[in-house]
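The structure appears right after this line, and notes come after that.
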Amino acid sequence: MAAIKIIKQKSLKSLSTFGIGGKAERFVSVNTTATCRETFLFAKKRHLPVHILGNGSNCLFPDQGLPGLIVQNKILFYRKKQNQIFVGGGYSLALLGRKTAKNQLTGFEFALSIPGSVGGAIWMNAGASGQETADTLVKVAFMDLDGRIAIYPKKALRFGYRSSSLQEKKGMILWACFLLSPSSTAANQARLFAQKRRQDQPLQEKSIGSIFKNPANGISAARLIDQAGLKGLQIGGAKISLKHANFIINTGNATSGDVALLVEKVQQMIYAKYGMWLEKEICTFL
Ligand SMILES: Cc1cc2nc3c(=O)[nH]c(=O)nc-3n(C[C@H](O)[C@H](O)[C@H](O)COP(=O)(O)OP(=O)(O)OC[C@H]3O[C@@H](n4cnc5c(N)ncnc54)[C@H](O)[C@@H]3O)c2cc1C
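What the sequence shown shows, in our numbering, is residues 298 to 583, in sequence order.
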C-alpha cells in the first residue's frame, strides 16, 4: 500500500495564489498514481467530499474553510520523446512553456508566467495570445474517485473556451501527452509574450488571473470593465487592479466575501451599462 500523509486544518491561504481562505479540514498532496488511488479510496471509505487542486492559481476559497479532503496533484515528471511531451498533472505550466520553447517546439509559448499546473490548465483549457492548452493535447490519463484510470483522447474531452468535459467528471488528471511542432521562433515568441504579460498584468500582486470570461462576441471583459470606469474599485481588501481591469487583487487582508461582493458589483454595473452579464472564469468554492 502506498503511504499517504494527511494534514488536518491546512491553511487554504497557502494553497491559492490569492492568499484567501480559511482551513481545509483535510489535505493530501499526491505525487504518484498509487498515492492518488490510495487517497481516493481513503475518502470513499469515510464518505469525505473530495476537492482536486493543482496550483491554486484559479481558486477562490471560502474564509469559513472547506470540509472534506483537498487532494493536490504533485505528479511532476517531464519526459520528451522527439516532439511528444509526457508530463505529470502537477508539473508547472510555466516551466513546460519555458522548456518546450527552449527546445524549439511551439505550442506553449503562452504559458510562461502563468502560475498554474498542467492538470489545471487542461481542466479549464487555459490559454492566451491565441494559443490554448487543448491545441496540442493528444491524450489525458484520468483517475476517477473509485481509483479507476481511463485514458481519454483529446476528441473525447469536448474542449471549448476555458472549458472541457473534464469539468463534468469527478477525479484527477494524472498526466497528459502533447504533440508539439518544431519552430525556430518559439523561444523568442515566448519571451515576447512574457514581456507583454509583465507590462499588462499585476504579476507582483496576489490574484487568480482573469476573473471573468470574455463575452462570446469577441469583446474583452477587461475593456468593458475599464470603459465602465471600474479600475481601482475596492470592497474591503479586494480591489480591481489599476493595471488590468479583469484582475482582482488581494491588497492584504481581503476576505472571500469581499471578492464575492466585488465580483457581483462588477457584474451588475456591466449589465446595467452594456446589457451583458459577465460569466466567471474563476473556480469558487463559496
Ligand atoms: C497572474 C496570473 C495570470 C494568469 N494568466 C492566465 C492566462 O493567461 N490564461 C489562463 O487561461 N489562465 C490564467 N490564469 C489562471 C490560472 O493560472 C489557470 O487557469 C491555470 O490553468 C490554473 O491551474 P491550477 O493548477 O492553478 O488550477 P487550480 O487553481 O488549482 O484549479 C482550477 C480548477 O482545476 C481543477 N484541477 C486542477 N488540477 C486538476 C487535476 N490535476 N485534475 C483535475 N482537476 C484539476 C480544480 O479542481 C479546479 O476546479 C492566471 C492566473 C494568475 C494568478
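Heads up, the beta-carbon is just placed ideally off N, CA and C, and yes, glycines get one too.
First and last residue of the uninterrupted alpha helix (DSSP H) at Phe-315: Counting from 1 along the sequence shown, the entry for residue 315 is found at position 18. No alpha helix (DSSP H) holds Phe-315; DSSP gives it neither H nor E.
Given Thr-430, which residues of its chain have a CB within under 7 Å of its CB, disregarding the five upstream and five downstream residues? Along the sequence shown, read from residue 1 onward, the residue named residue 430 stands at position 133. Closer than 7 Å at Cβ, skipping near neighbours: Ala-418, Ile-419, Asn-422, Ala-423, Gly-424.
From which residue to which residue does the alpha helix (DSSP H) around Asn-370 run? Indexing the sequence shown from 1 puts residue 370 at position 73. Unbroken run through Asn-370 is the beta strand (DSSP E), 363 to 370; no alpha helix (DSSP H).
Burial state of Ile-304, where buried means 16 or more other Cβ atoms lie within 10 Å: Here residue 304 refers to the residue found at position 7 when the sequence shown is read from its first residue. Exposed is the call here.
Taking the alpha helix (DSSP H) that Lys-396 falls in, what are its first and last residues? Locating residue 396 in the sequence shown gives position 99, where the first residue counts as 1. Note, Lys-396: alpha helix (DSSP H), 390 to 399.
When DSSP labels each residue in this structure, what does Asp-523 get in the three-state scheme? Taking the first residue of the sequence shown as position 1, residue 523 is located at position 226. The answer is helix: DSSP assigns Asp-523 an H, G or I state.
Can you tell me whether DSSP reads Glu-429 as helix, strand or coil? For the purposes of this step, residue 429 is taken as residue 132 along the sequence shown, with counting starting at 1. Here Glu-429 sits in strand by DSSP.
Three-way DSSP call (helix, strand, coil) for Ile-579 in this model: Position 282 of the sequence shown, counting from 1, holds the residue named residue 579. Here Ile-579 sits in coil by DSSP.
Report whether the distance from the Cβ of Ala-447 to the nearest heavy atom of ligand 1 is below 7 Å. Counted from its first residue, the sequence shown places residue 447 at position 150. No, Cβ of Ala-447 sits at least 7 Å from all heavy atoms of ligand 1.
My parser needs the alpha helix (DSSP H) runs of 4 or more residues fully inside the region 492 to 563; what are they? 518 to 524
Beta carbon of Leu-390 nearer than 8 Å to that of Ile-367: Translated into positions along the sequence shown, residue 390 becomes position 93. Translated into positions along the sequence shown, residue 367 becomes position 70. Result no, Cβ atoms of Leu-390 and Ile-367 do not sit closer than 8 Å.
From the DSSP output, which residues share a beta bridge with Leu-476? In the sequence shown, the residue the question calls residue 476 occupies position 179. Per DSSP, Gln-381.
Do Gly-387 and Lys-371 have their beta-carbon atoms positioned less than 8 Å apart in this structure? Within the sequence shown, numbered from 1, the residue matching residue 371 stands at position 74. Within the sequence shown, numbered from 1, the residue matching residue 387 stands at position 90. Cβ distance < 8 Å, so Lys-371 and Gly-387 count as in contact.
Decide if Gly-394 is buried, meaning its Cβ has at least 16 other Cβ atoms within 10 Å, or exposed. What you label residue 394 is simply residue 97 of the sequence shown in a count that begins at 1. By the beta-carbon neighbour count (other beta carbons within 10 angstroms, threshold 16), Gly-394 is buried.
If I measure Cβ to Cβ from Gln-401 and keep anything under 8 Å in the same chain, skipping five residues before and after, which residues do I get? If you number the sequence shown from 1, residue 401 lands on position 104. Hits under 8 Å: Pro-479, Ser-480, Ser-481, Ala-483, Ala-484.
Hey, how far is the Cα of Phe-324 from the Cα of Pro-364? As a working note, residue 324 is residue 27 in the sequence shown. As a working note, residue 364 is residue 67 in the sequence shown. Approximately 10 Å between the Cα atoms of the pair.
My assumption, with CB atoms under 8 Å, is that Leu-350 sits in contact with Gly-444. Please give the rounded CB distance. As a first step, residue 350 is located in the sequence shown; it is residue number 53 there, counting from the start. As a first step, residue 444 is located in the sequence shown; it is residue number 147 there, counting from the start. Not a contact, Cβ separation roughly 18 Å.
Provide the residue span of the alpha helix (DSSP H) that contains Phe-374, from first to last. Your numbering for residue 374 matches position 77 in the sequence shown. Here Phe-374 belongs to no alpha helix (DSSP H), and DSSP marks it neither H nor E.
Within the same chain, show all residues whose beta-carbon is closer than 7 Å to that of Asp-555, passing over the 5 residues directly before and after it, in chain order. Start at 1 with the first residue of the sequence shown, and residue 555 comes out as number 258. So the list reads Ile-532, Gly-533, Gly-534, Ala-535, once near-sequence residues are dropped.
What does the alpha-carbon distance come out to for the pair Asn-328 and Ala-453? For the purposes of this step, residue 328 is taken as residue 31 along the sequence shown, with counting starting at 1. For the purposes of this step, residue 453 is taken as residue 156 along the sequence shown, with counting starting at 1. Distance between the alpha carbons of Asn-328 and Ala-453: 26 Å.
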